[in-house]
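A.B. asks:
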């Protein structure tokens, strides 16, 4: 493995709706799964994620948190979670 | 005396800027300047409009990417100085994403793009933007897929207590109920102002209700804005 690959830092930012906010798309998907005959599906929530490659800095996580709360998510309706890949 | 000039900020994907331009010039008796989104200077600061459309293709969330445009940074700065700012449709979405207005505008309840004429009750006539509109219920078209107004219960209460809710979807005679709510907005909310009463956001399109003999409530909306200049 070359050094460049070893140093590659990728974080994944997950975004999903806060609890209690109706997501009509997830509801429609749930209804379709119900119609496929599955009886065990209780609830579906939908989200999205971003894989972000970042060069190392003193404040990598701080930057990512700021980007996530300031742009990638809307804190009024969404939560985010950052995970190192 | 030369005519006053108001600004209309245009983003890649805006599509109501020209209609708005025509309505503003004709019924506010002003000249306009279209400001491209990457211009950090807004010369004419009498009043600023953020038009409807699909800024940046509605990527990420409607209005989200537009909030970082240099022109919007200037709009945010000027808003603190009391400059009157009006966001229509995508403009309303941009203003909420900028946190200049409360709440968020999310997918319509039935996930459809809704394009229709709608009755809208003026809930608060004691605002600089609505005080000159004579009717209590106006007919403005709506055209959006993300117009469901959402905010926390606490914020909703604050908006109501401060009389910041300006427009609500209603019946022809001004009744507010679920059957007149096209998109699932909380409390039928169609438009709000900020606490300082200098920023208005609304989902309906007054600029699309100006050119018809019996469908021209937009005229009184724009004429009524002249007193702000």
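Protein chains in written order, with this note's numbering: chain U, 1 to 85; chain P, 1001 to 1229.
From the three backbone atoms N, C-alpha and C, an ideal C-beta is built for every residue, glycine too.
Measuring only the C-alpha atoms, how far is residue 23(U) from residue 1029(P)?
C.D. replies: Along the first chain, read from residue 1 onward, the residue named residue 23(U) stands at position 23. Along the second chain, read from residue 1 onward, the residue named residue 1029(P) stands at position 29. About 43 Å.
A.B. asks: On a Cα-Cα basis, can you pick out the residue from 1001(P), 1019(P), 1111(P) that is closest to residue 1219(P)?
C.D. replies: Translated into positions along the second chain, residue 1219(P) becomes position 219. That would be 1019(P), whose Cα lies nearest to the Cα of residue 1219(P).
A.B. asks: Using a threshold of 7 Å, is the CB atom of residue 1050(P) nearer than that to any non-hydrogen atom of the ligand ZN?
C.D. replies: As for the ligand ZN, it is missing from this structure, which has no ligand bound.
A.B. asks: Applying a beta-carbon distance threshold of less than 8 Å, which residues of chain U neighbour residue 1026(P)?
C.D. replies: Start at 1 with the first residue of the second chain, and residue 1026(P) comes out as number 26. Going along chain U, no residue has its Cβ under 8 Å from residue 1026(P), so there is no contact; the nearest lies around 36 Å.
A.B. asks: Can the beta-carbon of residue 1131(P) be found less than 8 Å from the beta-carbon of residue 1201(P)?
C.D. replies: Working through the second chain from its first residue, we reach residue 1131(P) at position 131. Working through the second chain from its first residue, we reach residue 1201(P) at position 201. The answer is no: Cβ separation not under 8 Å.
A.B. asks: The region 13-30 of chain U: which residues have C-beta closer than 8 Å to a C-beta of chain P, in chain order?
C.D. replies: Cβ contacts with chain P come from 21, 22, 23, 24, 25, 28.
A.B. asks: At least one CB of chain P closer than 8 Å to the CB of residue 71(U): is that the case?
C.D. replies: Within the first chain, numbered from 1, the residue matching residue 71(U) stands at position 71. So, interface residue.
A.B. asks: Of all the CB atoms in chain P, is at least one closer than 8 Å to the CB of residue 59(U)?
C.D. replies: On the first chain, residue 59(U) is found 59 positions in, with the first residue counted as 1. No, because no Cβ of chain P sits closer than 8 Å to the Cβ of residue 59(U).
A.B. asks: Mind pulling the chain P residues with CB within less than 8 Å of residue 74(U)?
C.D. replies: Against the first chain, residue 74(U) aligns to sequence position 74. Within chain P, the residues near residue 74(U) are 1061, 1064, 1097, 1104.
A.B. asks: Straight-line CA distance for residue 1100(P) to residue 1133(P)?
C.D. replies: Sequence index remark: in the second chain, residue 1100(P) carries index 100 (1-based). Sequence index remark: in the second chain, residue 1133(P) carries index 133 (1-based). Between residue 1100(P) and residue 1133(P), the C-alpha separation is close to 24 Å.
A.B. asks: With DSSP as the reference, label residue 1041(P) as helix, strand or coil.
C.D. replies: One-based indexing of the second chain puts residue 1041(P) at position 41. Of the three classes helix, strand and coil, the one that applies to residue 1041(P) here is coil, per DSSP.
A.B. asks: From the DSSP output, in three-state form, read off residue 1146(P) for me.
C.D. replies: Here residue 1146(P) refers to the residue found at position 146 when the second chain is read from its first residue. It is coil, neither helix nor strand.
A.B. asks: For the region 1132-1182 of chain P, which segments carrying the alpha helix (DSSP H) assignment without a break, of at least 4 residues, lie completely within its bounds, in sequence order?
C.D. replies: Those alpha helix (DSSP H) runs which fall completely within the region 1132-1182 of chain P and span 4+ residues are 1153-1161.
A.B. asks: Under DSSP, the beta strand (DSSP E) around residue 1032(P) begins and ends at which residues?
C.D. replies: Reading the second chain from its first residue, position 32 is the one you call residue 1032(P). Here the beta strand (DSSP E) through residue 1032(P) covers 1031-1036.
A.B. asks: Can you pull the DSSP bridge partners for residue 1115(P)?
C.D. replies: Locating residue 1115(P) in the second chain gives position 115, where the first residue counts as 1. In the DSSP output, where bridge partners are listed per residue, residue 1115(P) has 1143(P).
A.B. asks: Nearest-angstrom Cα distance between residue 1203(P) and residue 1117(P)?
C.D. replies: Locating residue 1203(P) in the second chain gives position 203, where the first residue counts as 1. Locating residue 1117(P) in the second chain gives position 117, where the first residue counts as 1. In a straight line, the C-alpha of residue 1203(P) is about 12 Å away from that of residue 1117(P).
A.B. asks: In the DSSP assignment, what residue or residues form a beta bridge with residue 105(U)?
C.D. replies: Given a span of 1 to 85 for chain U in the structure shown, any question on residue 105(U) remains unanswerable.
A.B. asks: Any beta-carbon of chain U closer than 8 Å to the one on residue 1150(P)?
C.D. replies: If you number the second chain from 1, residue 1150(P) lands on position 150. True, the Cβ-Cβ gap to chain U drops below 8 Å.
A.B. asks: Does the beta-carbon distance from residue 1066(P) to residue 1056(P) come in below 8 Å?
C.D. replies: Position 66 of the second chain holds residue 1066(P). Position 56 of the second chain holds residue 1056(P). A contact, by the Cβ cut-off of 8 Å.
A.B. asks: Runs of 4 residues minimum, wholly inside the region 1048-1118 of chain P: which ones carry the alpha helix (DSSP H) assignment?
C.D. replies: Entirely contained in the region 1048-1118 of chain P, the alpha helix (DSSP H) runs reaching 4 residues are, in chain order, 1070-1080, 1090-1097.
A.B. asks: Identify which residue in 1193(P), 1091(P), 1011(P) has its Cα closest to the Cα of residue 1161(P).
C.D. replies: Walking along the second chain from the start, residue 1161(P) turns up at place 161. Here the closest residue by C-alpha is 1193(P).
A.B. asks: Does residue 1107(P) come within less than 8 Å of chain U when only Cβ atoms are used?
C.D. replies: The sequence position of residue 1107(P) within the second chain is 107, counting from 1. Residue 1107(P) counts as touching chain U.
A.B. asks: Is the Cβ of residue 77(U) closer than 8 Å to any Cβ of chain P?
C.D. replies: For this step, residue 77(U) is matched to residue 77 along the first chain. So yes, residue 77(U) belongs to the interface.
A.B. asks: Using a Cβ-Cβ cutoff of less than 7 Å, which residues in the same chain neighbour residue 1186(P) once the five nearest sequence positions on both sides are dropped?
C.D. replies: Working through the second chain from its first residue, we reach residue 1186(P) at position 186. For residue 1186(P), where only same-chain residues beyond five positions count, the Cβ hits under 7 Å are 1149, 1150, 1151, 1156.
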